[in-house]
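In what follows, a structure is listed as structure tokens, so that the remarks can point back to it.
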């Protein structure tokens, strides 16, 4: 412990401070006594209207229950709206994917038909080539005087009949393939038209909504301007005028 100096207090200064503090306390008490509020005098009256306390309590409980039910109903409506929006979004995505799948299926079908047409044409040419080769190795029909007695003429006629049947079959297949291809092209064209119609309908709906919104804003601005002019006309003295005394 280091050295220190002990100073005795000034008794006179201490007594003066205590007297001043006591005087201030006395003045504060006197001011409180002088400014104490007097008794309140009110005319007795019945509060709460014409309802009794039980009715007021019942009404309060009913309002509380209704508010809870309304909050619950709002939450349910919000959940339903959110779920409906999610389902609509899912259905929209499914429709887009379905359209893509249908277009892909149509494209695959067209490619398959094109391959089948190429195969049938190649088969048709190869069959004709084979039959032409067979025709070159057989004698003509006029080389035999009696057709039913000439076995070469019978074989040639059979080959001709078989060749004609093959041609008819190939032509029928080609015609069926062409019809299927036309149907697929028509279906794709209809799908494109429907998609374009939906796009145009969506654009028209958005355009009509924007037009109605613009028209509403314009009418609102016109009404506000008219009300402002009418208020300025009906209240000309509402502006403060300096130096005016009532």
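In full-length UniProt numbering, the protein residues as written are 1 to 246.
The C-beta atom is built at its ideal place from N, Cα and C for all residues, glycine as well.
Own chain, CB closer than 8 Å to residue 170, minus 5 neighbours either side, in chain order
For residue 170, where only same-chain residues beyond five positions count, the Cβ hits under 8 Å are 120, 123, 124 and 127.
Run through DSSP, which three-state label would residue 41 get?
In the three-state DSSP reduction, residue 41 falls in the coil class, being neither helix nor strand.
Is it the case that the Cβ atoms of residue 113 and residue 207 are separated by a distance below 8 Å?
No, they are not a contact pair.
Can you list, in chain order, the stretches of the beta strand (DSSP E) that have 3 or more residues and sit fully within the region 89-130?
Counting whole runs of 3 or more residues, the region 89-130 contains no beta strand (DSSP E) stretch at all.
Can you give me the C-alpha to C-alpha distance between residue 92 and residue 60, rounded to a whole angstrom?
Residue 92 and residue 60: Cα-Cα distance of roughly 47 Å.
Rounded to a whole number of angstroms, what is the C-alpha to C-alpha distance between residue 131 and residue 106?
Residue 131 and residue 106: Cα-Cα distance of roughly 36 Å.
Thinking C-beta only, is residue 116 closer than 8 Å to residue 187?
The criterion of a C-beta distance shorter than 8 Å is not satisfied by residue 187 and residue 116.
Measuring only the C-alpha atoms, how far is residue 36 from residue 29?
Residue 36 and residue 29: Cα-Cα distance of roughly 10 Å.
Let me check understanding here. Comparing Cα to Cα, which of 38, 183 and 205 lies closest to residue 109?
Its Cα nearest to that of residue 109, the residue 183 stands out among 38, 183 and 205.
Go to residue 11, then tell me how far its alpha helix (DSSP H) extends in each direction, as first and last residue.
According to the DSSP assignment, residue 11 belongs to the alpha helix (DSSP H) that extends over 11-34.
Residue 86 - DSSP class collapsed to helix/strand/coil
Helix, per DSSP.
Span separating the alpha-carbon of residue 198 from that of residue 189:
If I take the Cα positions, the gap works out to 14 Å.
Inter-residue spacing [alpha-carbon to alpha-carbon] between residue 97 and residue 103
If you draw a straight line from the Cα of residue 97 to the Cα of residue 103, it comes to about 10 Å.
Cα-Cα separation between residue 264 and residue 51, rounded to whole angstroms
Nothing can be reported for residue 264, as the shown portion of the chain is limited to 1 through 246.
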